[in-house]
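Here the structure comes first, spelled out in structure tokens, and everything after it is commentary.
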Amino acid sequence: MRLYEYEAKKILPSRGIAVPRGQVLSPGEKIDTSRPGVLKAQVLSGGRQKAGGVVIVSGPDQIADTVQALFQKPIHGLPVTKIIWEEFIEVEREFFLGAIYDSSRKSPLVFFSPEGGVEVELLTEKDPGRLFYRDFDILQGFSEYQARELIAEAGLQGSELLKISDILYRMVSLFLDLDATILEINPLAQTKDGNYIALDCHIDIDDDALYRHKELETQFGILKREGGGGRQVTELERQAAAIDNLDHRGVAGRVIEFDGNLALLIGGGGASLAAFDAIRRHGGRPANYCEIGGNPTVLKVKELTKLLLSKPGVEKIAVIMNVVSNTRVDLVARGVIKGVLELGRDPAKTIAVFRIPGAWEEEGYKILARYGVPYCGRTVSIDEAAKEAV
Amino acid sequence: MAIIADKDTRMIIQGITGREAVTFTRDLLDYGSKVVGGITPGKGGWEVHGVPVYDCVRQITKNERVDASIISVPPAFVRGAAFEALDNGIKLLVIVTERIPRRDVVDIITHGHKLGSRIIGPNSLGLICPHKTKLGMIGGRAEDVKRAYSPGNIGIISRSGGMTTEIANLLTLNGLGQSTCISVGGDPIIGSTFVDLIPLFQADPETHGVVIFCEPGGTAEEDLAEYVKANKVAKPIVAFVAGRFADSMSGVRFGHAAVMVEGNRGTTRGKVQAFLEAGILVAEDFSAIPQLLTQNMPTH
Numbered sequence: 001m002r003l004y005e006y007e008a009k010k011i012l013p014s015r016g017i018a019v020p021r022g023q024v025l026s027p028g029e030k031i032d033t034s035r036p037g038v039l040k041a042q043v044l045s046g047g048r049q050k051a052g053g054v055v056i057v058s059g060p061d062q063i064a065d066t067v068q069a070l071f072q073k074p075i076h077g078l079p080v081t082k083i084i085w086e087e088f089i090e091v092e093r094e095f096f097l098g099a100i101y102d103s104s105r106k107s108p109l110v111f112f113s114p115e116g117g118v119e120v121e122l123l124t125e126k127d128p129g130r131l132f133y134r135d136f137d138i139l140q141g142f143s144e145y146q147a148r149e150l151i152a153e154a155g156l157q158g159s160e161l162l163k164i165s166d167i168l169y170r171m172v173s174l175f176l177d178l179d180a181t182i183l184e185i186n187p188l189a190q191t192k193d194g195n196y197i198a199l200d201c202h203i204d205i206d207d208d209a210l211y212r213h214k215e216l217e218t219q220f221g222i223l224k225r226e227g228g229g230g231r232q233v234t235e236l237e238r239q240a241a242a243i244d245n246l247d248h249r250g251v252a253g254r255v256i257e258f259d260g261n262l263a264l265l266i267g268g269g270g271a272s273l274a275a276f277d278a279i280r281r282h283g284g285r286p287a288n289y290c291e292i293g294g295n296p297t298v299l300k301v302k303e304l305t306k307l308l309l310s311k312p313g314v315e316k317i318a319v320i321m322n323v324v325s326n327t328r329v330d331l332v333a334r335g336v337i338k339g340v341l342e343l344g345r346d347p348a349k350t351i352a353v354f355r356i357p358g359a360w361e362e363e364g365y366k367i368l369a370r371y372g373v374p375y376c377g378r379t380v381s382i383d384e385a386a387k388e389a390v
Numbered sequence: 391m392a393i394i395a396d397k398d399t400r401m402i403i404q405g406i407t408g409r410e411a412v413t414f415t416r417d418l419l420d421y422g423s424k425v426v427g428g429i430t431p432g433k434g435g436w437e438v439h440g441v442p443v444y445d446c447v448r449q450i451t452k453n454e455r456v457d458a459s460i461i462s463v464p465p466a467f468v469r470g471a472a473f474e475a476l477d478n479g480i481k482l483l484v485i486v487t488e489r490i491p492r493r494d495v496v497d498i499i500t501h502g503h504k505l506g507s508r509i510i511g512p513n514s515l516g517l518i519c520p521h522k523t524k525l526g527m528i529g530g531r532a533e534d535v536k537r538a539y540s541p542g543n544i545g546i547i548s549r550s551g552g553m554t555t556e557i558a559n560l561l562t563l564n565g566l567g568q569s570t571c572i573s574v575g576g577d578p579i580i581g582s583t584f585v586d587l588i589p590l591f592q593a594d595p596e597t598h599g600v601v602i603f604c605e606p607g608g609t610a611e612e613d614l615a616e617y618v619k620a621n622k623v624a625k626p627i628v629a630f631v632a633g634r635f636a637d638s639m640s641g642v643r644f645g646h647a648a649v650m651v652e653g654n655r656g657t658t659r660g661k662v663q664a665f666l667e668a669g670i671l672v673a674e675d676f677s678a679i680p681q682l683l684t685q686n687m688p689t690h
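Residue numbers (this note's numbering), protein chains in the order written: chain A, 1 to 390; chain B, 391 to 690.
Shown next, in the form of structure tokens:
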């Protein structure tokens with residue numbers, strides 16, 4: 001779960017990391033200040049500044065106008081529901097601090113750059129020599145001396161070295177304690193009077209660890225929410241997710257909409273990717289990505305089939321999975337056929353192809369044959385089945 | 391010969407009384423895997439399909455040799471179960487559970503590494519050496535396993551459990567049996583990656599070629615390409631890279647937890663390019679995998 005900037009900034013001060021004084025605004029709310037400051041639209045996406053989501057404001061009139069404009073303008077397709085106003089900070093220098101888990105090293109990785117304020121991707125492309133990083137033994141934890149080593153390696157000295165390594169140490173401790181998967185302070189600003197303030201902060205918390213972080217809600221008022229952000233969920237996707245929640249058996253409802261005419265009921269995790277590619281490779285235009293697996297119930301498959309086929313412009317559905325061992329072929333066949341029949345359509349003409357070999361396949365193929373549905377077994381590969389569907 | 395496990399591998403199942411574990415215990419026994427015990431704290435003295443259940447790993451390891459543990463306990467208990475197995479000297483863990491907190495996964499891998507143990511998963515369906523043994527849920531019921539998998543000389547490493555069986559099925563249909571097939575798990579951080587496993591296949595005289603199933607997200611493919619470039623890998627590696635459509639959909643997760651392109655990172659385009667530069671063969675069509683293998687394997 002990615003946190004909004006204003007949420008992340010509630011947490012940092014609890015670890016002694018300073019953030020600018022400010023105020024969070026919902027639509028219709030006013031701020032009582034005439035001091036110069038910065039207005040920042042709150043969306044879960046990077047590159048807000050470029051997209052016009054960050055505006056420096058001076059007088060009260062300008063503040064009111066800008067607030068109104070920011071609420072009306074989506075950023076990267078995402079609606080703005082919160083804006084923060086922050087006092088203007090005169091920045092002397094900007095730094096980048098970050099922590100992630102690295103899949104190659106299989107360990108946490110801590111980053112530092114004395115050139116903060118730009119996206120880390122840009123930093124690595126432009127001047128990789130200015131990005132410093134190190135891993136550490138997670139079972140021993142991150143130590144103050146390790147923070148100092150990294151900051152010293154970047155060439156900092158004296159009070160800069162001490163103050164920034166202290167913030168880095170606190171930040172990495174927070175990263176571990178929060179079960180974050182990303183924690184970035186970018187930029188950490190050095191002010192004219194030698195203070196350090198986190199001007200922006202990106203925190204992603206591990207969805208799979210949320211169960212052990214009740215403090216997010218109790219201490220910081222941050223509520224759990226679905227999805228990682230970055231993209232608006234469509235109505236069809238919302239309905240599909242509701243179908244998936246009908247019961248807890250299997251998965252049948254993780255849908256992402258596309259603008260084609262062929263509905264897809266595909267799975268599991270890897271085969272759905274292969275099937276989607278193959279449909280496109282043979283000139284097909286998928287209406288959706290959708291993943292089923294883990295032996296979903298007939299009810300779920302039926303409802304999902306109906307939903308996907310009811311989208312305007314969609315005439316056919318292709319059902320493709322890898323050789324299954326857990327999911328039962330006959331249950332999926334029954335669900336798809338029921339769904340098609342309940343829409344008053346002919347399974348033989350509506351199901352473009354049914355390719356699921358594996359557990360209970362004989363029973364499944366019997367049902368499909370009865371309705372004249374074109375099906376294929378394990379001798380027809382995923383890409384050959386996709387070709388048949390197009 | 392097979393890598394990692396063979397017909398004599400003696401395994402236990404942690405969480406054996408869980409619904410899923412009860413089912414795959416039956417499948418393992420039917421397939422001939424040597425399951426010597428199960429663990430569920432508080433249920434010591436029970437039996438699952440004739441397999442004795444204990445409260446602690448030590449109650450088995452103090453009396454007999456245990457080579458591997460299959461872990462199928464709820465996410466919050468995986469760290470504890472894995473540490474118990476590792477601390478009792480078990481050298482191979484197959485972690486089936488998914489949705490384990492990432493920090494716990496890194497803890498487990500770090501501890502396992504220090505003790506010289508191998509970890510497969512999490513979120514792995516397991517591994518199989520056809521007609522010898524299997525560990526985990528891979529392939530399902532014994533009769534289904536026997537239809538898809540056949541013994542032979544091709545290794546499989548897959549980021550998808552289901553596709554491990556799909557690839558084996560394709561190879562079997564084309565007269566190519568398998569030496570060892572490993573579902574490495576669909577999580578962002580896993581115990582054994584392509585780079586960890588390819589050297590084992592390289593050293594295995596029974597393996598003549600390897601098929602790998604790749605997905606968007608992460609750097610496992612790029613790491614492998616770098617390894618192959620820097621080291622002599624004589625046996626052909628055929629890669630199938632799925633999810634090409636996801637390249638332009640940064641920030642959207644498809645299928646497994648690890649499948650997400652972030653900006654320019656983790657694209658299939660980048661992975662395919664790295665493979666080609668390293669001399670790893672890339673199958674554009676799934677059904678082209680067997681031909682690519684046979685064309686590039688030395689004839690025996």
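Note that CB positions come from ideal geometry on N, CA and C, so glycine has one too. The structure displayed is predicted, hence computed values, not measured ones.
Asked                                                                                                                                                                     : Found
Taking the DSSP output, what are the residues bridged to L264 of chain A?                                                                                                 : A:A318
Express the C-alpha separation of Y4 of chain A and F175 of chain A in angstroms, rounding to a whole number.                                                             : 16 Å
Taking A240 of chain A as the reference, give the member of A:R225, A:A263, A:G221, A:K224 with the closest Cα.                                                           : A:A263
Quick one: using the 10 Å Cβ neighbour count with 16 as the cut-off for buried, is E149 of chain A buried or exposed?                                                     : exposed
In the segment 315 to 332 of chain A, which residues sit with their C-beta less than 8 Å from some C-beta in chain B, listed in chain order?                              : M321, N322, V323, V324, S325, N326
On the DSSP letters alone, give me the boundaries of the beta strand (DSSP E) that R134 of chain A sits inside.                                                           : 132 to 135
My understanding is that T555 of chain B touches A538 of chain B, with C-beta atoms under 8 Å, so please give their C-beta distance in whole angstroms.                   : 5 Å
Among all the DSSP beta bridges, which residues are the ones paired with P128 of chain A?                                                                                 : None; P128 of chain A has no bridge partner.
Which class does S540 of chain B belong to by DSSP, given the choice of helix, strand or coil?                                                                            : coil
List, in order along the chain, the chain A residues whose C-beta lies closer than 8 Å to that of S569 of chain B?                                                        : Within chain A, no residue comes near S569 of chain B; the closest Cβ sits about 19 Å away, beyond 8 Å.
Return no unless some Cβ of chain A is closer than 8 Å to the Cβ of E596 of chain B.                                                                                      : no
Can you find a CB in chain A that lies within less than 8 Å of the CB of R493 of chain B?                                                                                 : yes
For R93 of chain A, which of helix, strand or coil comes out of DSSP?                                                                                                     : strand
Would the beta-carbon of I546 of chain B fall within 8 Å of that of V628 of chain B?                                                                                      : no
Kindly list, in the order they appear in chain A, the residues whose Cβ is closer than 7 Å to that of F368 of chain B.                                                    : Any answer about residue 368 of chain B is impossible in this case: the structure gives chain B only from 391 up to 690.
Would you check if the segment 197 to 215 of chain A and the segment 249 to 269 of chain A touch, i.e. whether three or more CB-CB distances between them fall below 8 Å? : no
List the residues of chain B that K106 of chain A touches, going by C-beta distances under 9 Å, in chain order.                                                           : V495, V496, I499, T500, H503, I579, I580, G581, T583
In three-state DSSP terms, what is D398 of chain B?                                                                                                                       : coil
Between A:L161, A:G270, A:E144, which has its C-alpha nearest S573 of chain B's C-alpha?                                                                                  : A:G270
Give a yes or no on whether 8 Å exceeds the smallest Cβ distance from D179 of chain A to chain B.                                                                         : yes
Reducing DSSP to helix, strand and coil, say where T597 of chain B ends up.                                                                                               : coil
Using the three-state DSSP reduction, which class does R21 of chain A fall into: helix, strand or coil?                                                                   : coil
Identify the contact partners of R231 of chain A in chain B, using a Cβ-Cβ distance below 9 Å as the criterion.                                                           : M639, G641, V642
A668 of chain B and L682 of chain B look like a contact to me (Cβ under 8 Å); what is the Cβ gap, rounded to whole Å?                                                     : About 15 Å separates the two Cβ atoms, so there is no contact after all.
Just to make sure I have the definition right: I need the residues of chain B whose C-beta is within less than 9 Å of the C-beta of A359 of chain A. Which are they?      : G530, R531, D534
Pull up the DSSP beta-bridge partners for V629 of chain B, would you.                                                                                                     : First, the amino acid is wrong: residue 629 of chain B is Ala here, not Val. A629 of chain B pairs with B:I602, B:V672.
Going by the DSSP bridge assignment, what does I279 of chain A pair with across the sheet?                                                                                : None; I279 of chain A has no bridge partner.
Which whole-angstrom value is the C-beta distance of G516 of chain B and V535 of chain B, which I expect to be below 8 Å?                                                 : The Cβ separation is near 11 Å, so there is no contact.
Apply the 10 Å Cβ neighbour rule to D383 of chain A and answer buried if 16 or more other Cβ atoms are within range, or exposed otherwise.                                : buried
I want to verify the contact list: residues of chain A whose CB lies under 7 Å from the CB of L560 of chain B, in sequence order.                                         : S381
According to DSSP, simplified to helix, strand and coil, what is N326 of chain A?                                                                                         : coil
Are there 16 or more other CB atoms within 10 angstroms of the CB of S507 of chain B, so buried, or fewer, so exposed?                                                    : buried
Mind pulling the alpha helix (DSSP H) runs of 4 or more residues that sit fully within the segment 32 to 73 of chain A?                                                   : 60 to 72
I need the DSSP call for R549 of chain B, collapsed to helix, strand or coil.                                                                                             : coil
Rounded to whole angstroms, what's the CA-CA distance from Q438 of chain A to R93 of chain A? Just pull it up for me.                                                     : As shown, chain A starts at 1 and ends at 390. That puts residue 438 of chain A outside it, with no answer to give.
Have a look at the DSSP bridge pairing and note the partners of Q190 of chain A.                                                                                          : A:R93, A:Y196
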